[in-house]
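K.L.:
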Amino acid sequence: MKTLGTLCVLILTAILVYLGYNIYTNDIHLNFFNQQSDEPDEKTPLKGSASPLNVVLYRQMDSPRLYNGCEVTSLAMILNNAGYHVSKNTLADKINKVPLTYSSGLKGDPNEGFAGDMENGPGLGVYHEPIDKLAKEYAGNKVYDLTGKDISSVYRQLEKGRPVWVITTTSFKPVDNMQTWNTPNGKIDITFSMHSVAVTGYDHDYVYVNDPYGYKNRKTDRSDFEKAWKQMGSQAIVIKS
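So, in structure tokens, the structure goes:
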């Protein structure tokens, strides 16, 4: 009887180990699949062009105006295109904010929040991290931060029918007025010529953008655009539909 009892315990242990292993491996498989599906396909060959998308144009100066609100206005465009209906001013209220200049003399860090007064100025702007965080409040894991990747990652998303939020310059060309700011988080390079748009298409010669200054599918020189985008840190965010 003692031998039989021991045998039963061994069989039961083997069954539990087997079930646990399968649950574990299936969980790994599902997690891997989910992680893979969260990332835009970076291996798909580019077609070489994407016709400008019909993305709704929002103007930052429309009442109630956001004098320095190009980043949240461009975010509102790509959110609404993905089915998340939110206004530029709601996003402006929710975005994290930091002073343009602290009493200590340190400058605000746009990597932490919008630096300055968005509505009336003076103000600088906000970089991709606070925008990514805000976008995820609406679209969750459908938001993907492409910052630091090659420009081909932006074009690939356009070919999939997804507009892309980016940081560029007001001229869509590289600028020579960059400054170095001392912030509570260290030194950063900034320019008051920074601008944000929703990229809607591209071809061999041009990149097309919805410019919150009031231009739908505005045509910009591709070479200049790419250089300006890279100068501003290759910042880009997409929302998967």
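Numbering (my numbering), first residue to last: 50 to 290. Beta carbons: idealized from backbone N, C-alpha and C, even for Gly.
Just verifying my parser: in three-state terms, what is the DSSP assignment at I286?
P.N.:
Residue numbering aside, residue 286 sits at position 237 when the sequence shown is read from its first letter. Here I286 sits in strand by DSSP.
K.L.:
Assign S112 to buried or exposed, taking buried as 16 or more other Cβ atoms, counted over all protein chains shown, within 10 Å of its Cβ.
P.N.:
Indexing the sequence shown from 1 puts residue 112 at position 63. Exposed, by the Cβ-count rule.
K.L.:
Of the residues I237, D260 and D270, which one's Cα is nearest the Cα of D252?
P.N.:
Position 203 of the sequence shown, counting from 1, holds the residue named residue 252. Checking every option, the nearest Cα to that of D252 belongs to D270.
K.L.:
Apart from the five residues just before and just after T150, which ones in its own chain have a Cβ nearer than 8 Å to its Cβ?
P.N.:
Indexing the sequence shown from 1 puts residue 150 at position 101. For T150, where only same-chain residues beyond five positions count, the Cβ hits under 8 Å are K156 and G157.
K.L.:
Just the Cα atoms here: how many angstroms apart are G154 and L173?
P.N.:
Against the sequence shown, residue 154 aligns to sequence position 105. Against the sequence shown, residue 173 aligns to sequence position 124. Approximately 16 Å between the Cα atoms of the pair.
K.L.:
Excluding sequence positions up to five away, which residues of its chain have a Cβ less than 8 Å from the Cβ of K185?
P.N.:
Taking the sequence shown and counting its residues from 1, the one referred to as residue 185 is at position 136. Within the same chain, K185 has close Cβ partners V192.
K.L.:
Assuming contact is defined by CB atoms lying nearer than 9 Å, are I180 and W230 in contact in what I supplied?
P.N.:
In the sequence shown, the residue the question calls residue 180 occupies position 131. In the sequence shown, the residue the question calls residue 230 occupies position 181. Taking 9 Å as the Cβ cut-off, I180 and W230 do not qualify as a contacting pair.
K.L.:
Assuming S123 is part of the alpha helix (DSSP H), what are its boundary residues?
P.N.:
By one-based count along the sequence shown, residue 123 stands at place 74. Start and end: C119 to N130.
K.L.:
Where do the N-terminal and C-terminal ends of the alpha helix (DSSP H) with N138 fall, by residue?
P.N.:
Counting from 1 along the sequence shown, the entry for residue 138 is found at position 89. Run containing N138: K137 to K143, per the alpha helix (DSSP H) assignment.
K.L.:
Are the CB atoms of D273 and F241 nearer to each other than 9 Å?
P.N.:
Within the sequence shown, residue 273 is the residue found at index 224, counting from 1. Within the sequence shown, residue 241 is the residue found at index 192, counting from 1. Result no, Cβ atoms of D273 and F241 do not sit closer than 9 Å.
K.L.:
At 3 residues or longer, what runs of the beta strand (DSSP E) sit wholly inside the region 158 to 238?
P.N.:
For the region 158 to 238, whole beta strand (DSSP E) runs of length 3 or above, ordered along the chain, are 192 to 194, 213 to 218 and 228 to 232.
K.L.:
Just mark S283 as buried or exposed, buried being the case when its beta carbon has 16 or more other beta carbons within 10 Å.
P.N.:
Taking the first residue of the sequence shown as 1, we reach residue 283 at position 234. Result: buried.
K.L.:
What did DSSP end up calling R271 once you bin it into helix, strand or coil?
P.N.:
The sequence position of residue 271 within the sequence shown is 222, counting from 1. Of the three classes helix, strand and coil, the one that applies to R271 here is helix, per DSSP.
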